[in-house]
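Protein chains in written order, with the working numbering: chain A, -11 to 197; chain B, -11 to 197; chain C, -11 to 197.
Contents: one structure, followed by commentary.
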């Protein structure tokens, strides 16, 4: 019974949530492509790079090749569906700007948690796990901005985006170190990262520049 | 006798054709460098990155390190010779614009065929093989455009460039799956990819944007 | 006694010098971030990417994952300290422009020597070792310029920067081939690379464009 619940928790919830994270991140990528008047293929590439690029960077850095971002059907097709959705429905998505920000905060949190955990599971040390966890969260957006020939937003817009990512990755490593990495503690990490992100936006907390 | 013909076909024809593909792709890279007033070293780097960058990305993604693009003398020197040629003779090459486009279509086809096949040979699944095959074909051009600080042409110019690459990679995987990957079928893949590319240019077929 | 001296030479001098190289390269990265009005996190990322990016590219290309640039505390913290220093003290560092150029020439030399040697030690062939040695030296600066959305300086500014890097990498491979790679010959490589760089600057030697 426990094994079954574990299986359910791991396979269904985790995978569904991770794919949802890929989908929302890919939406933001496709949108950047539409805004730059990319063609249909360019919009799909932007969606793919933004939704899965962080994970591809992570997998290359920890030697987990080929990366899931090019090898896993569910991941690749999720990103491409997001690209198709944004290509046809981008005016509607633009109107849901507030919703997109909330979903993106949540995707960031999930990417950091899973990226750090994958680093640890594959034998990376604590520092490397933190670095790849953060890169999983912010790497896709950096790739997106390089591909549309802009300065990466996460480096210049003063918002608290990478800071909660780092905090989340550090807390994940500490939990794993203590043997406390479980469903409840992972939920806390997700709340922590997305919470800081969203509260800082509402309160207007910014980094010095 | 058959073994000898196989050896001849594989070593001489394949290698010569692949090096020719590297050469023509590298020409386009060097030309982009010349147009941006890069110095002699910059032109060589652009030639190298455009001619071999797609293969380097492929090899990193499938774990075939060090990539042939930095380890194989014939490949590296072919790209550098193209860079030197373009540095001294770029006005002549510019005048052969039509020829360059035809040769580039052919190089794209060859890169996709060989990139997909290498992915399969090194144990990547069908999806990963398709992805690295396409990246072998279009990755060098994307690197070129990032290095000259432009939006990647392949994402924005609406031409059918990546679409024939995807078709070629998919057909290559299907042929391999059926055990039909031979010299004649590889020639068909090359004809398919370069044919769609060139016909679409002549007919003005474009992607929606 | 000899073993002790070896240990001292290798651990203290080498590591201290390499960390110093990372520090000075990271300063130049952080400075580029400050000039582009990046926020505090962006300045740290630029410092990290410029100080350690070349080594990360090298390690990915030779399959030495996870790269020291994300896994080694001393390296990562050195780059981050440089980022913090530049964030608070950039006016003073800007005034020391001449000193920064000298230190950077020296960091280039050291990166090329150590990058080439690491390539050889991990079984890369001579060509691949030269390529990753040069990329260790110039890769961080290229990453920096891509992240601040500029054309890579090293490709366009006509200065002799990559040329001494190539010479140093080639000499390192030749010394290693002959079994002459020792402390004295490594010092000569460093003098050669930084010397050509600095003399060419003073004499105004430039590449054709």
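Glycine included, every Cβ here is placed at the ideal spot set by N, Cα and C.
Small disclaimer: the values here were computed from a predicted structure and weren't measured.
Nearest-angstrom Cβ-Cβ length linking residue i and residue j, presumed shorter than 8 Å
| i | j | result |
| --- | --- | --- |
| residue 135/C | residue 34/C | 6 Å |
| residue 51/C | residue 124/C | Going by Cβ atoms, the distance from residue 51/C to residue 124/C rounds to 15 Å, so no, they are not a contact pair. |
| residue 187/C | residue 154/C | The Cβ separation is near 16 Å, so there is no contact. |
| residue 185/C | residue 96/C | 6 Å |
| residue 137/A | residue 137/B | 7 Å |
| residue 177/C | residue 101/C | 5 Å |
| residue 113/A | residue 59/C | 6 Å |
| residue 129/A | residue 142/A | 6 Å |
| residue 24/C | residue 150/A | With 8 Å as the limit, residue 24/C and residue 150/A do not qualify as a contact, their Cβ atoms being about 16 Å apart. |
| residue 127/C | residue 45/C | 4 Å |
Nonlocal neighbours in the same chain, by C-beta distance under 6 Å from residue i, ignoring five residues either side
| i | result |
| --- | --- |
| residue 146/B | 194, 195, 197 |
| residue 11/C | 66, 70 |
| residue 21/C | 30, 31, 34 |
| residue 49/B | 120 |
| residue 4/A | none |
| residue 152/A | 181, 184, 185 |
| residue 64/A | none |
| residue 47/A | 55 |
Extent of the continuous alpha helix (DSSP H) run through residue i
| i | result |
| --- | --- |
| residue 45/C | 28 to 49 |
| residue 195/C | It is not in any alpha helix (DSSP H) - residue 195/C carries neither H nor E in the DSSP assignment. |
| residue 3/A | 3 to 23 |
| residue 55/C | Unbroken run through residue 55/C: none, as it is neither H nor E. |
Cβ neighbours of residue i in the same chain (closer than 7 Å, five flanking residues each side left out)
| i | result |
| --- | --- |
| residue 131/A | 37, 38, 41 |
| residue 26/A | 34 |
| residue 81/B | 15, 19, 74, 88 |
| residue 133/A | 139, 140, 141 |
Residue i Cβ short of 7 Å to the ligand SAM heavy atom set
| i | result |
| --- | --- |
| residue 16/A | As presented, the structure is devoid of all ligands, the ligand SAM included, so that no description of it is given. |
Other residues of its chain near residue i: CB distance less than 8 Å, five sequence neighbours each side excluded
| i | result |
| --- | --- |
| residue 62/C | 3, 7 |
| residue 165/A | 114 |
| residue 173/A | 163 |
| residue 103/B | 42, 43, 46, 120, 121, 122, 123, 124, 125, 157 |
Where residue i meets chain D, residues with beta-carbon distance less than 8 Å
| i | result |
| --- | --- |
| residue 51/C | Absent here is chain D; the protein component of the structure consists of chains A, B and C. |
Query raised in the report: Using 8 Å as the Cβ pair cut-off and three pairs as the minimum, do the region 90 to 97 of chain A and the region 12 to 23 of chain A touch?
Result: Contact between the region 90 to 97 of chain A and the region 12 to 23 of chain A is present, because at least three Cβ pairs lie under 8 Å.
Suppose only complete runs of 4+ residues qualify. What are the alpha helix (DSSP H) ranges in the region 98 to 170 of chain B, listed by chain order? Qualifying alpha helix (DSSP H) stretches, in chain order: 114 to 135, 141 to 144, 150 to 165.
Segment contact, 8 Å Cβ cut-off, at least three pairs: the region 52 to 63 of chain B with the region 108 to 123 of chain C: Touching, yes.
Quick check: the region 180 to 193 of chain C against the region 149 to 161 of chain C, are there 3 or more CB pairs under 8 Å?
-> Contact holds: three or more Cβ-Cβ distances are below 8 Å.
Under 8 Å: do the region 22 to 32 of chain C and the region 69 to 85 of chain C share three or more Cβ pairs, one atom per stretch? Contact holds: three or more Cβ-Cβ distances are below 8 Å.
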